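For the sequence shown, this note's numbering assigns the number 123 to the initial residue and increments by one for each residue that follows. Where is the CB? At the ideal position from N, CA and C, for every residue including glycine. All figures in this text were calculated on a predicted structure; none of them were measured in a lab. Below is one structure; the comments refer to it alone.
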Amino acid sequence: IDNFNIKRKLGSGTYGSVFKAKHISTNRKVALKFVKYNQSATKSARKHNERIEREIKLQSLLHHPNIARLYDVIQLPDQAGMVLEYVKGCDLLEYVSNYGRLREDEACRIFRQIVSAVDYMHQNCIVHRDLKLGNIMLDRSGQVRIIDFGFADTFEWGKQHNTFCGSPSYASPEIVCSVKYTGPEIDIWSMGVVLYYMLTGLLPFDGKSRDVVYAKIISGVFPMPTFVSAEAQHLLLQMLAVNPNLRIPMAGIIEHPWTNK
123 IDNFNIKRKL GSGTYGSVFK AKHISTNRKV ALKFVKYNQS ATKSARKHNE
173 RIEREIKLQS LLHHPNIARL YDVIQLPDQA GMVLEYVKGC DLLEYVSNYG
223 RLREDEACRI FRQIVSAVDY MHQNCIVHRD LKLGNIMLDR SGQVRIIDFG
273 FADTFEWGKQ HNTFCGSPSY ASPEIVCSVK YTGPEIDIWS MGVVLYYMLT
323 GLLPFDGKSR DVVYAKIISG VFPMPTFVSA EAQHLLLQML AVNPNLRIPM
373 AGIIEHPWTN K
């Protein structure tokens with residue numbers, strides 16, 4: 123850790139804090155993410171520590187231009203320090219909040235990068251499980267970097283997960299209803315929520331309480347503004363299909379007319 127000059131705090135979450143830092147000998151700007159190990163002997167502590175190890179392992183395997191790189195890990199007595207690619211820019215939530223809903227050509231350019239990154243993860247049997255506007259960074263040239271693999275896991279076709287995680291507004295009906303899932307289908311739902319927000323400046327399923335949001339998600343009913351093109355509407359309806367068996371697969375998204383505008 124002595125090799126880094128820590129500049130300022132970029133953010134903090136349930137599991138740790140992220141700082142902007144500079145590697146002293148190379149002058150490279152990085153993001154340092156510190157996640158604390160739980161020292162108690164409980165089952166939940168063991169699960170927490172396994173989650174940290176899984177995040178490190180999976181992110182270290184991923185090498186894609188639209189996924190933030192994990193360069194190194196500093197093991198400290200009570201925590202792990204992840205040396206990550208620093209993205210100079212803002213997240214997608216801040217970007218749309220600042221500029222308003224995006225034109226479809228710009229939304230499409232960003233969306234294609236998200237699709238490329240998530241398809242790459244799925245091809246490598248990794249599911250993100252927390253895709254949301256705050257975990258999609260845009261650098262100053264408009265290039266996407268997906269961050270925060272804290273809920274990521276491996277998956278196998280034919281095997282099902284029963285860990286229910288992620289953020290309420292982006293949760294698929296399977297997550298809300300505690301129905302087992304394979305993995306890619308919940309990322310596709312979350313990507314649908316992200317695309318809807320880029321095109322409208324709103325979340326498709328919103329409310330004053332988690333229960334209200336969950337009821338809307340289960341219903342699958344959301345407003346569709348008339349300014350959204352017919353092709354984009356068609357894609358959104360397929361990505362936000364309540365029945366995961368009817369939800370569009372990644373290959374369908376890649377081949378969809380709107381994605382190829």
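| Check | Outcome |
| --- | --- |
| Three or more C-beta pairs below 8 angstroms linking the region 211-219 and the region 250-258 | yes |
| Euclidean distance between Cα positions of R384 and F277 | The first residue shown for the chain is 123 and the last is 383, placing residue 384 beyond what the model contains. |
| Test item: CB-CB of A293 and I268 under 8 angstroms | no |
| Where R309 sits in the DSSP three-state scheme | Reading off the sequence, residue 309 comes out as Asp, not Arg. DSSP places D309 in helix when its eight states are reduced to three. |
| Any 3 or more C-beta pairs closer than 8 angstroms across the region 310-321 and the region 356-363 | yes |
| Separation of H378 from I370, as counted between CA atoms | 10 angstroms |
| Range covered by the alpha helix (DSSP H) that runs through E278 | No alpha helix (DSSP H) holds E278; DSSP gives it neither H nor E. |
| Boundaries (first-last residue) of the alpha helix (DSSP H) holding K131 | Counting along the chain, K131 falls outside any alpha helix (DSSP H), though it belongs to the beta strand (DSSP E) covering F126 to S134. |
| Close beta carbons around A354, own chain, < 7 angstroms, minus the five adjacent residues each side | E226, L321 and W380 |
| Y336, buried or exposed, once every other Cβ within 10 Å from all chains shown has been counted against 16 | buried |
| Spatially closest choice to C230 from I178, Y319, S300 and T285, by CA coordinates | Y319 |
| Within 8 angstroms, strictly: CB atoms of R176 and D241 | no |
| Under the three-state DSSP convention, the category R225 falls into | coil |
| In DSSP terms, what H145 is bridged to | F126 |
| DSSP-derived helix/strand/coil call for Y193 | strand |
| Opening and closing residue of the beta strand (DSSP E) in which M204 lies | Q201 to E207 |
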